[in-house]
């Protein structure tokens with residue numbers, strides 16, 4: 032009988048250690064560039080393809096790795112349970128040349144202080160008061176629409192929500208500047224390059240002098256508006272009881288000399304600009320996709336009309352404007368808006384950078400690597416959402432919502448960095464959707480094919496051309 036070979040554990044012949052960690056699925060890619068070409072060609076398609084490979088998928092971008100997480104419990108782990116092991120990812124860091132140290136891009140302890148200062152503006156009592164402003168502005172805006180008008184719905188809603196957020200949060204009228212500011216924001220977003228995320232991408236971006244000059248020109252349009260708002264409020268010396276007053280007064284209290292005053296003005300600018308852009312961009316995008324889906328599903332639109340007609344009566348002669356107290360009676364409106372954000376979440380993906388080693392679903396996440404979570408991906412997983420591509424607002428009936436695990440649905444993120452304006456966005460979205468749908472039937476133009484433009488937010492590429500026709504008494508759809 033052959034004797035078993037003994038192993039001397041003190042020599043180089045020792046067996047290799049077996050890792051206790053599971054291996055992630057690997058996304059196939061170019062030998063040098065890794066996943067970059069696939070993501071450059073079709074970011075959403077590449078991410079969906081990656082998600083089909085497994086629970087945790089490792090993607091290589093040149094010499095860096097990114098781990099895609101798709102399951103709700105893993106999303107919850109990163110955003111909530113172990114959030115201290117992560118900070119904002121390279122994507123949001125790349126926004127700092129535009130947003131500076133605003134709420135979206137800052138890190139603790141500054142972020143914690145900013146959030147504590149801003150939070151009162153989004154308390155229930157404040158949001159209830161905003162409802163009347165929103166109802167009045169959408170009523171005035173719809174009065175400018177012509178029966179049978181054709182226009183870009185996305186552009187139209189961007190202007191409307193911009194004026195609303197400026198009045199609600201900052202007590203400022205920007206209706207005259209809305210078109211110019213909207214173009215500047217669109218240009219800045221289109222300049223944002225997903226392929227220039229990360230240290231190497233940011234280095235390349237710094238070398239692109241032409242792009243930096245173009246960005247500076249667009250940014251000046253926004254800065255001129257924001258600094259004028261701040262300086263006007265400071266010179267008044269009057270607390271309007273709004274978010275702009277909160278920010279300006281809080282920054283001034285911390286300034287003890289001229290240098291501090293300059294810095295406080297810059298921080299105020301960062302905070303105001305961040306809230307100004309985020310406060311109107313996401314709602315406008317969500318509503319644009321909502322009307323796109325309603326255009327394709329007249330049976331859903333008919334149910335929506337029944338609900339709003341019961342509250343407001345004749346579309347030609349509405350009884351009144353909607354109020355905060357109407358929201359409980361806009362239940363189907365809420366479901367429609369929620370389902371549209373399931374299919375087309377404006378904040379479609381977000382990343383975090385590991386600042387400590389972590390373990391997710393048995394896979395080691397090394398310090399210094401990025402993890403990517405995507406509402407777009409998780410919202411379309413078949414084992415979580417039967418027939419995920421189907422537009423079905425009743426998925427958000429209360430009894431259905433209670434059955435789903437947390438982070439099955441997370442259009443506003445989660446954890447300590449959950450969108451601070453979420454309650455405002457829900458209220459604004461429902462009121463605008465109900466009011467517009469009550470008075471107008473909105474249809475995408477014949478031949479229009481929706482294309483995704485997945486940059487910072489999930490805009491429709493080339494806008495959304497629509498035909499708006501006035502609803503008649505007693506009509507549905």
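In my numbering, the protein residues as written are 32 to 508. Just so you know, even glycine gets a beta-carbon here, dropped at the ideal spot from N, CA and C.
Start and end residues, beta strand (DSSP E) containing residue i
i: residue 518; result: Beyond the ends of the chain as shown, which are 32 and 508, falls residue 518; an answer cannot be given.
i: residue 51; result: No beta strand (DSSP E) holds residue 51; DSSP gives it neither H nor E.
i: residue 489; result: 489–491
i: residue 180; result: 180–183
Rounded Cβ spacing between residue i and residue j (contact assumed at less than 8 Å)
i: residue 310; j: residue 200; result: 6 Å
i: residue 407; j: residue 75; result: 6 Å
i: residue 222; j: residue 251; result: 14 Å between Cβ atoms; not a contact.
i: residue 302; j: residue 133; result: 5 Å
i: residue 305; j: residue 130; result: 5 Å
i: residue 427; j: residue 369; result: 4 Å
i: residue 515; j: residue 69; result: The first residue shown for the chain is 32 and the last is 508, placing residue 515 beyond what the model contains.
i: residue 84; j: residue 58; result: 6 Å
i: residue 461; j: residue 354; result: Not quite, the Cβ-Cβ distance comes to about 12 Å (not below 8 Å), so this is no contact.
i: residue 143; j: residue 119; result: That belief does not hold up - the Cβ atoms of residue 143 and residue 119 are roughly 14 Å apart, past 8 Å.
Local Cβ density within 10 Å of residue i, reported as buried at 16 or more and exposed below that
i: residue 35; result: Low local confidence applies: a pLDDT of 42 at residue 35 is under 50, so the model's placement there is unreliable, and no value is given.
i: residue 458; result: buried
i: residue 497; result: buried
i: residue 47; result: Its pLDDT being 49, under 50, residue 47 is placed unreliably by the model, and the measurement read from it follows with that caveat. So residue 47 ends up on the exposed side.
i: residue 154; result: exposed
i: residue 90; result: buried
i: residue 172; result: buried
i: residue 431; result: exposed
i: residue 102; result: buried
i: residue 295; result: buried
i: residue 509; result: In the structure as shown, the chain starts at 32 and stops at 508, and residue 509 therefore has no counterpart that could be examined.
i: residue 327; result: exposed
i: residue 150; result: exposed
i: residue 489; result: buried
i: residue 63; result: exposed
i: residue 321; result: buried
i: residue 338; result: buried
i: residue 65; result: buried
i: residue 33; result: In this predicted model, residue 33 has a pLDDT of only 41, less than 50, meaning its place in the structure is not dependable enough to derive any value.
i: residue 247; result: exposed
Closest Cα partner of residue i within the set the options
i: residue 314; options: 351, 377, 253 and 167; result: 377
i: residue 402; options: 385, 461, 413 and 130; result: 385
i: residue 446; options: 69, 115 and 77; result: 115
i: residue 188; options: 178, 179, 206 and 202; result: 206
i: residue 409; options: 73, 69, 51 and 107; result: 107
i: residue 362; options: 391, 397, 424 and 439; result: 424
i: residue 493; options: 500, 340 and 485; result: 485
i: residue 244; options: 149, 306, 330 and 128; result: 128
i: residue 472; options: 180, 139, 212 and 316; result: 180
i: residue 452; options: 482, 326 and 196; result: 196
i: residue 343; options: 468, 278 and 61; result: 468
i: residue 454; options: 158, 426 and 301; result: 158
i: residue 209; options: 102, 312, 166 and 160; result: 312
i: residue 277; options: 57, 68, 219 and 146; result: 146
i: residue 211; options: 339, 249 and 356; result: 249
i: residue 380; options: 123, 149, 88 and 308; result: 123
i: residue 434; options: 450, 422 and 416; result: 416
i: residue 121; options: 395, 449, 414 and 382; result: 382
i: residue 394; options: 105, 66, 275 and 169; result: 105
i: residue 346; options: 500, 413, 495 and 487; result: 500
i: residue 54; options: 396, 220 and 319; result: 396
i: residue 270; options: 98, 202, 87 and 65; result: 202
i: residue 371; options: 164, 260, 316 and 334; result: 316
i: residue 95; options: 110, 60 and 72; result: 60
i: residue 572; options: 198, 178 and 213; result: Beyond the ends of the chain as shown, which are 32 and 508, falls residue 572; an answer cannot be given.
i: residue 443; options: 97, 375, 419 and 341; result: 375
i: residue 110; options: 399, 450 and 77; result: 450
Span of the alpha helix (DSSP H), counted from its first residue to its last, around residue i
i: residue 67; result: 67–72
i: residue 206; result: Where residue 206 is concerned, there is no enclosing alpha helix (DSSP H), given that its DSSP letter is neither H nor E.
i: residue 333; result: 329–343
i: residue 428; result: Note, residue 428: premise wrong, no alpha helix (DSSP H); not H, not E.
i: residue 250; result: 240–267
Within-7 Å CB hit, residue i to chain D
i: residue 338; result: Reference to chain D is not applicable here, since this structure consists of a single protein chain.
Contact test: residue i Cβ vs the ligand GTP heavy atom, cutoff 6 Å
i: residue 157; result: Among the components modelled here there is no ligand, and therefore nothing to report on the ligand GTP.
Handout entry: Ranges of the beta strand (DSSP E) found wholly within the stretch 80–163, counting only runs of at least 3
Key = For the stretch 80–163, whole beta strand (DSSP E) runs of length 3 or above, ordered along the chain, are 87–92, 95–100 and 117–119.
Practice task
Enumerate, from N- to C-terminal direction, the unbroken beta strand (DSSP E) stretches of 3 or more residues contained entirely within the stretch 347–416.
Solution key: If we require 3 residues or more, the beta strand (DSSP E) runs fully inside the stretch 347–416 come out as 381–385, 389–391, 394–396 and 401–404.
Handout entry: Length at least 4, wholly inside the stretch 442–487: the alpha helix (DSSP H) runs in chain order
Key = For the stretch 442–487, the full-length alpha helix (DSSP H) segments reaching 4 residues or more read 453–470 along the chain.
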